[in-house]
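Numbering (my numbering), first residue to last: 7 to 272. Each residue gets a CB set at the ideal place from its N, CA and C atoms; glycine is no exception. Bear in mind that the values here come from a model prediction, so they are computed numbers and not experimental data.
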């Protein structure tokens, strides 16, 4: 059976850059982007075109940041999609390659973050499971010092982005992908969990704040309703949202205390 033709729209670098500027992306700003390439339509050049358009809109003084998470570098006992046999767990822990910011691919965040990670001049933060990559003059300032026992808290790029008055761009994604909300989890009473991962010296476990995107879509809906800071508009075939990191984190701190009561430590 022949492959059906694309439904479009046809999207180019110039049209994306123009629509991003119309949305409100400013030259010289710092942008944390969450993206769904498939939501944009038929992009001529794919992820590379989208990255180029984002960098065009930001200009030479702007900085593009994306999450480059590696959730597969985790305890196989917790894997659910799919699970692996229990008799494999010890061998997997003993032989799992440790995180290398230069070569470990991003997993589960889409094709565009992996494209940014491998972009000429891109930098990447040090956390073995929740790293970020960035391109632009402020990349090192944002990414340096990402503590390996602080996934998305005060010693992560999220806190730097907040202080730098960065904004979040969501291209065809929902609020469930909004990593900025996780920074709020570190600022309210939250349970702690043991997190396992490989290192060059072998398997290790650290105690971390428990993070979950559970109810983030509901949180985002209320944020957008209550705070007139979210700009919405079309980019390609997608609906895009643009808003300040700091505003989102501050709202999430208040919302999570009310809607997500503290649980016992795990």
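**Message:** Counting C-beta neighbours from all protein chains within 10 Å, is the total for residue 271 16 or more, i.e. buried, or is it exposed?
**Reply:** Only weak support is given to the placement of residue 271: the predicted model assigns it a pLDDT of 40, under 50, and the question is left unresolved by the model.
**Prompt:** According to the Cβ coordinates, are residue 199 and residue 185 closer than 9 Å?
**Reply:** Judged by beta-carbon spacing, residue 185 lies beyond the 9 Å limit of residue 199, meaning their Cβ atoms are not closer than that value.
**Prompt:** Run through DSSP, which three-state label would residue 208 get?
**Reply:** DSSP places residue 208 in strand when its eight states are reduced to three.
**Message:** If contact is defined by three or more beta carbon pairs under 8 Å, each pair taking one atom from either stretch, is the region 28-39 in contact with the region 66-81?
**Reply:** The region 66-81 is in contact with the region 28-39.
**Message:** Quick check on this structure: which residue in 223, 178, 22, 210 has the alpha carbon closest to the alpha carbon of residue 100?
**Reply:** Among 223, 178, 22, 210, the Cα nearest to that of residue 100 belongs to 210.
**Request:** Taking 9 Å as the cut-off, decide whether the C-beta atoms of residue 136 and residue 162 are in contact.
**Result:** For residue 136 and residue 162, yes; Cβs fall inside 9 Å.
**Prompt:** Is DSSP giving residue 17 helix, strand or coil here?
**Reply:** Correct three-state label for residue 17: strand.
**Separation of residue 123 from residue 16, as counted between CA atoms** = So the two alpha carbons sit approximately 26 Å from each other.
**Item:** Where the beta strand (DSSP E) through residue 173 begins and ends
**Value:** DSSP places residue 173 inside the beta strand (DSSP E), whose first and last residues are 173-177.
**Prompt:** Do you know offhand how far residue 105's Cα is from residue 94's?
**Reply:** Their backbone Cα atoms lie some 20 Å apart in a straight line.
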